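K.L.:
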Amino acid sequence: MKKLTRKSLNELAKTMPIIEESLQMSYVGGGNGTSANPYTQEEYESMVSSGIWNGGYVENWGYTFPEMAVSSYDPNNLPKTGVDSYDLMYQGGFAIGYKAGLSGSTLDDIGIGAWSALAVISAGSEIGGVNSDMIWYSKGLRDGLTKGRGARGN
Numbered sequence: 075m076k077k078l079t080r081k082s083l084n085e086l087a088k089t090m091p092i093i094e095e096s097l098q099m100s101y102v103g104g105g106n107g108t109s110a111n112p113y114t115q116e117e118y119e120s121m122v123s124s125g126i127w128n129g130g131y132v133e134n135w136g137y138t139f140p141e142m143a144v145s146s147y148d149p150n151n152l153p154k155t156g157v158d159s160y161d162l163m164y165q166g167g168f169a170i171g172y173k174a175g176l177s178g179s180t181l182d183d184i185g186i187g188a189w190s191a192l193a194v195i196s197a198g199s200e201i202g203g204v205n206s207d208m209i210w211y212s213k214g215l216r217d218g219l220t221k222g223r224g225a226r227g228n
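Residue numbering for the sequence shown follows our numbering, beginning at 75 and increasing consecutively.
This is how it looks when you write it as structure tokens:
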């Protein structure tokens, strides 16, 4: 076997082009996902197919986000009573309940249940004055929680 020396490397450099380090990485791989050292497209595809893609820079693409699920609701399609204050209270409760339903946290579920109960209690009774705004707020909390759970798949 022939010994590799600096002289033989210099001779080789005259006949073969020297490949820059960044180009070498694209042939070999081994990027770390930073803008200075992006993953190759092959590395990206391998990570995605293995389910381990967490986002990062991919060569010739720029930053590529991880997979994510997006869920939302249209506040214009929520039930309306025709009374603006009731509708606003319902929307406010629905937004909080929906967010809690998406979280999947048992503590959020318990919190919404307790908050809904307190809202109903604070609404009063037929004997005293009834605050219907709080009743609609409580209903919005419960409905939002249910819809949020549904969007999450529970």
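For glycine and all other residues, C-beta sits at the position ideal for the given N, C-alpha and C.
Please read these numbers as outputs of a predicted model, since none were measured by experiment.
Across which residues does DSSP place Thr138 in a beta bridge pair?
P.N.:
Thr138 is bridged to Gly130.
K.L.:
Relative to the alpha-carbon of Asp183, which residue among Ser196, Gly198 and Lys221 has its alpha-carbon at the smallest distance?
P.N.:
The candidate whose alpha carbon is nearest that of Asp183 is Lys221.
K.L.:
If Tyr131 sits next to Thr108, beta carbons under 8 angstroms apart, how far is it from one beta carbon to the other, in whole angstroms?
P.N.:
That pair is a contact at about 6 angstroms.
K.L.:
Around the Cβ of Lys213, are there at least 16 other Cβ atoms within 10 angstroms (buried) or fewer (exposed)?
P.N.:
With 16 or more other Cβ atoms within 10 Å, it is buried.
K.L.:
Which residue marks the beginning of the alpha helix (DSSP H) containing Asp183, and which one marks its end?
P.N.:
Residues Thr180 to Ser196.
K.L.:
Just the C-alpha distance for Leu123 and Glu141, rounded to the nearest angstrom, thanks.
P.N.:
Strictly speaking, residue 123 in this sequence is Ser, with Leu absent from that position. So the alpha carbons of these two residues sit roughly 12 angstroms apart.
K.L.:
Just confirm the distance between the C-beta atoms of Asp207 and Ser159, as a whole number of angstroms; I'd bet it's less than 8 angstroms.
P.N.:
Confirmed, Cβ separation roughly 5 angstroms.
K.L.:
Have a look at Leu152, Leu176, Val157 and Ser82 and flag the residue whose alpha-carbon is nearest the alpha-carbon of Gln165.
P.N.:
Closest by alpha carbon: Leu152.
K.L.:
Can you tell me which of the three DSSP states Tyr113 falls into?
P.N.:
DSSP places Tyr113 in strand when its eight states are reduced to three.
K.L.:
By the DSSP assignment, the alpha helix (DSSP H) with Met208 in it spans what residues?
P.N.:
Here the alpha helix (DSSP H) through Met208 covers Ser206 to Arg226.
K.L.:
Alpha carbons only, please: which of Leu176, Asn150 and Thr114 is nearest the one belonging to Ser225?
P.N.:
What sits at residue 225 in the sequence shown is Ala, not Ser. Of Leu176, Asn150 and Thr114, the residue nearest in Cα terms is Leu176.
K.L.:
Run through DSSP, which three-state label would Gly171 get?
P.N.:
Gly171: helix per DSSP, three-state reduction.
K.L.:
Could you give the distance in angstroms between the alpha-carbon of Met121 and the alpha-carbon of Trp135?
P.N.:
Cα to Cα, Met121 sits roughly 16 angstroms from Trp135.
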